[in-house]
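Comments concern the structure below.
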Ligand code: HMG
Ligand code: MG
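In my numbering, the protein residues as written are 20 to 319.
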């Protein structure tokens, strides 16, 4: 069975905009977050406090949060933070929630974080400790949970091991990243079962599917049937990781909302307002939304 309602964890302003060749002005980013909130999205990942040389698209994190004021703060406005330098910046900006982001594979840990898996866990340790001491909500992402563009298939046991190590740091929620969108429903089921067996039940797990192979929605529904109730999605289907070959957009929030509301699962969002937001953002990005639902409802 499906849950009666889900929490949509919106990643458009972060995962979406980090991967666009067009650098969007801070004022447009802040307006994007405001429009998403007005469309009913409760949780919105607003930006990243990573090294700006690594992700120039989000180098204006302080400015965006400054423009948002209280609308960018609180436990439901997480930001990405890789290290203590990022946490210092995020705390100065007044955030109430952070997300660390590890990798199930060594190759991607090196490419995305310039660290081994072990070194990245040690980099995150003080971030999580200090965040908890400050009363912040903490999420742990794990990338390449289903496959890696350099290493190929990733064994479930390895993914569970990395998830366990990050959750043991004291994180509130785990997000399973299919960074390159290769996962399929049986694999989702096996991974969730293995995590449950390792003491990480579906009530603490979110799913983060990129839609490269068109499997994101099917995989999400499979995860919901296994007890997951937090779903990452990106309005307009923007997204991708500049450090992962072949990563395309996330599951589009509109596609998710269309499917779930149709199945009687409440998302608390206004689909027309989301579509209008994607159409507006497409104007700033100079390209149409890849979402089929957006194209259908916006009339091409
Ligand atoms: P590094 O070069 O090893 O960093 O990068 P370092 O610790 O050696 O520091 C070098 C310099 O960078 C220092 O400056 C630091 O101050 C500065 P210097 O002394 O040379 O002048 N620095 C910073 N400046 C500002 N903010 C910071 C910061 N950190 C260091 N936070 C590092 C290591 C982790 C910083 C780098 O690799 C990095 O920023 N990586 C982030 C890459 C990224 O953002 N990728 C996309 C997000 S992950 C994703 O999209 C996947 C996800 O969606 C899930 C999925 O789909 O699977 C979450
Ligand atoms: Mg992602």
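Even glycine gets a Cβ: it sits at the ideal position worked out from N, Cα and C. All of these numbers come straight from a predicted model, not from anything done at the bench.
**Message:** Relative to the C-alpha of residue 189, which candidate in 243, 204 and 117 has its C-alpha closest?
**Reply:** Residue 117 is the option with its Cα nearest to residue 189.
**Prompt:** Near residue 124, what residues of its chain come up, given a Cβ to Cβ distance below 7 Å and the 5 sequence neighbours on each side ignored?
**Reply:** Within its own chain, the residues whose Cβ lies closer than 7 Å to the Cβ of residue 124, once the five positions on either side in sequence are excluded, are 163, 167, 170 and 173, listed in chain order.
**Request:** Return the chain-ordered list of same chain residues with a C-beta closer than 6 Å to the C-beta of residue 220, the five sequence neighbours on each side being excluded.
**Result:** Once the five neighbours on either side are set aside, residue 220 has no close Cβ partner at all.
**Request:** Return the chain-ordered list of same chain residues with a C-beta closer than 6 Å to the C-beta of residue 93, the five sequence neighbours on each side being excluded.
**Result:** Its chain contains 115 as the residues whose beta carbon lies nearer than 6 Å to that of residue 93, once the 5 sequence neighbours on both sides are disregarded; these appear in chain order.
**Prompt:** Within 7 Å: the Cβ of residue 239 and any heavy atom of the ligand MG?
**Reply:** no
**Asked** According to the neighbour-count rule (16 or more other Cβ atoms, all chains shown, within 10 Å of its Cβ), is residue 42 buried or exposed?
**Response** Residue 42 should be labelled exposed.
**Request:** Within its chain, find whatever has a CB closer than 8 Å to the CB of residue 299; leave out the 5 residues flanking it on each side and keep chain order.
**Result:** 54
**Request:** With DSSP as the reference, label residue 301 as helix, strand or coil.
**Result:** helix
**Request:** Go through its chain and collect everything with a Cβ distance to residue 232's Cβ below 7 Å, but skip five positions before and after it.
**Result:** 200 and 201
**Asked** What is the DSSP secondary structure of residue 38, counted as helix, strand or coil?
**Response** In this structure, residue 38 counts as coil in the three-state DSSP scheme.
**Message:** For residue 165 and residue 120, what's the separation of their Cα atoms in angstroms?
**Reply:** Approximately 16 Å between the Cα atoms of the pair.
**Message:** By the DSSP assignment, the beta strand (DSSP E) with residue 193 in it spans what residues?
**Reply:** 192–197
**Request:** Between the Cα of residue 32 and those of 127, 85 and 252, spot the shortest distance and give me the residue it belongs to.
**Result:** Its Cα nearest to that of residue 32, the residue 252 stands out among 127, 85 and 252.
**Contacting residues, own chain, Cβ-Cβ under 7 Å from residue 178 (five flanking each side not counted)** = Within the same chain, residue 178 has close Cβ partners 123, 161, 164 and 210.
**Three-way DSSP call (helix, strand, coil) for residue 269 in this model** = strand
**Asked** What separation, rounded to the nearest whole angstrom, lies between the Cα atoms of residue 66 and residue 99?
**Response** 7 Å
**Asked** Between which two residues does the beta strand (DSSP E) harbouring residue 251 extend?
**Response** 249–252
**Request:** Using alpha carbons as the reference points, say which of 274, 25, 146 and 149 lies closest to residue 62.
**Result:** 25
**Asked** Which parts of the stretch 100–124 are runs of the alpha helix (DSSP H), unbroken and 4 residues or longer, counting only runs that do not cross its ends?
**Response** 103–111
**Prompt:** Cβ of residue 107 less than 8 Å from any chain B Cβ?
**Reply:** No chain B appears in this structure, which consists of one protein chain only.
**Asked** Taking one C-beta from the stretch 254–261 and one from the stretch 296–316 each time, how about it: are there three or more such pairs within less than 8 Å?
**Response** yes
**Message:** My parser needs the beta strand (DSSP E) runs of 3 or more residues fully inside the stretch 129–167; what are they?
**Reply:** 156–162
**Prompt:** In chain order, what residues of the same chain lie with their CB nearer than 6 Å to the CB of residue 47, ignoring the 5 residues before and after it?
**Reply:** Closer than 6 Å at Cβ, skipping near neighbours: 303.
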